[in-house]
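*Asks:*
Right under this line is the structure:
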């Protein structure tokens, strides 16, 4: 059976029990595998002819492996050349952000336009029901259908512009010395990880497990400290938990454990939270455009509140899925 | 132990078991008791010196007894002079609506102003958190704090005007021949209910119970037919269930049964639903005011969506409390 595309690479020497493995073999194998994935994604992106489904898929692959690489460099920094690990993380983050930004804007526009569509349909249905029930009473609801089209057009203009800028920036980055340097680093890493000699030769369960345990504890602590989902909206605390959850999941991958099926669902909930929070901010920011019509601003207000509610729903979904790891 | 103030009046001949009671005694006793309550509330309202806490409390009492009277006239119409029952219901509805409208507007303004306050605080907290996290990124959120004050002032102007008009209409109504006629009807009803002779002499369980059972069935059928809470917002179906739930509760009161503790909680949820839906409509309607600033319209949009969300939450709360009666 071929492995599913998002399965992490198997280490070659899979005959040795994980607990007896040297830390260097376990961590080195993981880093080399993810670096190979990253290189493959970069090649696929280069071969894709301009933006499109193929390039988008390559960027998704790139982000998937780059954030695993980056998480491993962070969690197991103590087993690596620390300065190199920090530098490489910075460059990987730059690479993934630069190549993916245009797709982030595309997804945000899609989310906002779908939400506007849904809100307009709801408002029209309400109005129809209202007219049947009490004629004239719901006339104010016209405000949404009048402004929604212009709000949608305004958001599309803004996000298309942002997307075009992000695309140009990505093209410039691909031709830059910085890009070639990080691609070289990843290519080297695909063959050999610069492990700290002392740690690498010790058993994995002595060196790597305690570091993975630290990641678990940081996550559990941050979740304990979260404000209630409906309380004043401190997005940052939830975004932080999202990062810590990811670090925990990937640390478990390195030591060949699973973080549990709930962890993937909880991550998706926090991804939804971030997407909705950023879409809400985009609606608010568009409402600050000078000289827009009041009806446009009204529709953007409805859209903003709708996305804030989606963010709150995602927090509740996270709470429902969360299990103390 | 004195009865709580909202307990329905006990019938004088409480020594006979309810099942053996004549329909006329049971229904007549209930109608006379509620009519006496209504008269007392009218007197209290007259004695209250202008609008204030005392008058508001009198109007609450009036609505409480008038809607029980009206429900009994509707459910048990078959045991009464039908044309008289219909006429009396119309007049009671007019009386209660006319005297309570100014308080409805006051409550709506309170709800909207509290919601705006909460949304502004949330937005300010978000902004503070955003500024700590990513400087400048959340600048668009200023839109709410800038517009909320003007939106609040606009809503206050509109609802204060509506309230003043409702107050004048109530004063005019209190001096009208129509008011004196309905007060006379209620005064007569407090002494004797015009029961249909044949039905009045039969046992209550033969005459009244089947009519109460019809009210129960109509409620259960309407709840079964409700759209899902998050589906397209057909407010009317929920408002209809609210009325049927009330008819069921009061019919159970007449036949000396309790509709169950859940029924009161479910009614409160549907009251919340109606209040939030009407507040949302008021925000939308204010947004249609000519020449308002875009930031005002934006804040009204946020407020509208917030109140629609409250309405949806109330539907979920109703669903959680609902038990097939």
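Protein chains in written order, with the numbering used here: chain A, 138 to 462; chain B, 138 to 462.
Yeah, the Cβ is synthetic: ideal placement off N, Cα and C, and Gly gets one too.
Please report the residue range of the alpha helix (DSSP H) in which residue 455/B lies.
*Replies:* Numbered from 1 along the second chain, position 318 holds the residue referred to as residue 455/B. Here the alpha helix (DSSP H) through residue 455/B covers 431–458.
*Asks:* With DSSP as the reference, label residue 462/A as helix, strand or coil.
*Replies:* Taking the first chain and counting its residues from 1, one reaches residue 462/A at position 325. In this structure, residue 462/A counts as coil in the three-state DSSP scheme.
*Asks:* If you draw a straight line from the alpha carbon of residue 393/A to that of residue 378/A, how long is it in whole angstroms?
*Replies:* Here the question's residue 393/A lines up with position 256 in the first chain. Here the question's residue 378/A lines up with position 241 in the first chain. Rounded to the nearest angstrom, the two C-alpha atoms are 22 Å apart.
*Asks:* Do residue 249/B and residue 406/B count as a contact pair if the criterion is CB distance below 9 Å?
*Replies:* Counting from one through the second chain, the residue named residue 406/B turns up at place 269. Counting from one through the second chain, the residue named residue 249/B turns up at place 112. No, the pair does not count as a contact, with Cβ atoms beyond the cut-off.
*Asks:* Quick check on residue 443/B - is its C-beta less than 9 Å from some C-beta in chain A?
*Replies:* Stepping through the second chain from its first residue, residue 443/B is reached at position 306. Yes, contact with chain A.
*Asks:* Is it the case that the Cβ atoms of residue 382/A and residue 403/A are separated by a distance below 9 Å?
*Replies:* Start at 1 with the first residue of the first chain, and residue 382/A comes out as number 245. Start at 1 with the first residue of the first chain, and residue 403/A comes out as number 266. A contact, by the Cβ cut-off of 9 Å.
*Asks:* Consider the Cβ of residue 435/B: report whether some Cβ of chain A lies at a distance smaller than 9 Å.
*Replies:* Numbered from 1 along the second chain, position 298 holds the residue referred to as residue 435/B. True, the Cβ-Cβ gap to chain A drops below 9 Å.
*Asks:* From residue 442/A to residue 243/A, what distance separates their C-alpha atoms?
*Replies:* In the first chain, the residue the question calls residue 442/A occupies position 305. In the first chain, the residue the question calls residue 243/A occupies position 106. So the alpha carbons of these two residues sit roughly 21 Å apart.
*Asks:* Output yes or no for whether 9 Å exceeds the beta carbon distance between residue 366/A and residue 449/A.
*Replies:* Position 229 of the first chain holds residue 366/A. Position 312 of the first chain holds residue 449/A. Yes. Within cutoff.
*Asks:* If we count the other Cβ atoms within 10 Å of its Cβ and call it buried at 16 or more, is residue 375/B buried or exposed?
*Replies:* Counted from its first residue, the second chain places residue 375/B at position 238. The residue is buried, with at least 16 neighbouring Cβ atoms inside 10 Å.
*Asks:* Which one or two residues does DSSP pair with residue 332/B in a beta bridge?
*Replies:* Taking the second chain and counting its residues from 1, the one referred to as residue 332/B is at position 195. Residue 332/B is bridged to 217/B.
*Asks:* Report yes if the CB atom of residue 204/B is closer than 9 Å to the CB atom of residue 387/B, and no otherwise.
*Replies:* As a working note, residue 204/B is residue 67 in the second chain. As a working note, residue 387/B is residue 250 in the second chain. It is a contact, given that the beta carbons lie within the stated cut-off.
*Asks:* Since residue 159/A and residue 338/A should fall inside the 8 Å C-beta cutoff, what is the C-beta to C-beta distance between them, to a whole number of angstroms?
*Replies:* Here residue 159/A refers to the residue found at position 22 when the first chain is read from its first residue. Here residue 338/A refers to the residue found at position 201 when the first chain is read from its first residue. Yes, they are in contact, since the Cβ atoms of residue 159/A and residue 338/A sit about 6 Å apart, within 8 Å.
*Asks:* From the DSSP output, in three-state form, read off residue 347/B for me.
*Replies:* Start at 1 with the first residue of the second chain, and residue 347/B comes out as number 210. Three-state DSSP puts residue 347/B in a helix.
*Asks:* Between residue 194/A and the rest of its own chain, which residues show a CB-CB distance below 6 Å, the 5 nearest in sequence each way excluded?
*Replies:* The residue you call residue 194/A lines up with position 57 of the first chain. Here the set comprises nothing.
*Asks:* Can you list, in chain order, the stretches of the beta strand (DSSP E) that have 3 or more residues and sit fully within the stretch 157–243 of chain A?
*Replies:* As far as the stretch 157–243 of chain A is concerned, it has no whole beta strand (DSSP E) run of at least 3 residues.
*Asks:* Consult DSSP for residue 149/B and reduce its assignment to one of helix, strand or coil.
*Replies:* As a first step, residue 149/B must be located in the second chain, where it is residue number 12. The pLDDT assigned to residue 149/B is 43, lower than 50, so where the model puts this residue is not dependable; a value taken from the coordinates is nonetheless given after this. Coil.
*Asks:* Cutting at 8 Å between CB atoms, please list the residues of its own chain near residue 216/A, excluding the five before and the five after it.
*Replies:* As a first step, residue 216/A is located in the first chain; it is residue number 79 there, counting from the start. The residues are 160, 161, 164, 332, 333, 336, 337, 344, 345 and 348.
*Asks:* From the beta carbon of residue 432/A, is the nearest beta carbon of chain B less than 9 Å away?
*Replies:* Position 295 of the first chain, counted from the start, is the residue given in the question as residue 432/A. So, interface residue.
*Asks:* Name, please, each residue of chain B whose Cβ falls closer than 8 Å to the Cβ of residue 439/A.
*Replies:* Residue numbering aside, residue 439/A sits at position 302 when the first chain is read from its first letter. Those within 8 Å of residue 439/A in chain B are 438, 439, 441 and 442.
*Asks:* If we define contact as Cβ-Cβ less than 9 Å, is residue 262/B a contact residue for chain A?
*Replies:* Residue mapping note: residue 262/B aligns to position 125 of the second chain, counting from 1. Yes, residue 262/B lies at the interface with chain A (some Cβ there is under 9 Å from its Cβ).
*Asks:* Are residue 168/A and residue 210/A close, meaning C-beta to C-beta below 9 Å?
*Replies:* By one-based count along the first chain, residue 168/A stands at place 31. By one-based count along the first chain, residue 210/A stands at place 73. It is a contact, given that the beta carbons lie within the stated cut-off.
*Asks:* Quick one: which chain B residues come within Cβ less than 7 Å of residue 446/A?
*Replies:* On the first chain, position 309 is the one that residue 446/A refers to. Correct list: 446.
*Asks:* Could you tell me which residues DSSP pairs with residue 340/B in its beta bridges?
*Replies:* Mapped onto the second chain, residue 340/B falls at position 203. Paired residue(s): 159/B.
*Asks:* Rounded to whole angstroms, what's the CA-CA distance from residue 461/B to residue 452/B? Just pull it up for me.
*Replies:* Looking up residue 461/B in the second chain gives position 324. Looking up residue 452/B in the second chain gives position 315. Distance between the alpha carbons of residue 461/B and residue 452/B: 16 Å.
*Asks:* So is residue 170/A buried or exposed if we call it buried at 16+ other beta carbons inside 10 Å?
*Replies:* Indexing the first chain from 1 puts residue 170/A at position 33. It is buried - the Cβ of residue 170/A has at least 16 other Cβ atoms within 10 Å.
*Asks:* Give a yes or no on whether 9 Å exceeds the smallest Cβ distance from residue 299/B to chain A.
*Replies:* The sequence position of residue 299/B within the second chain is 162, counting from 1. Closer than 9 Å: no.
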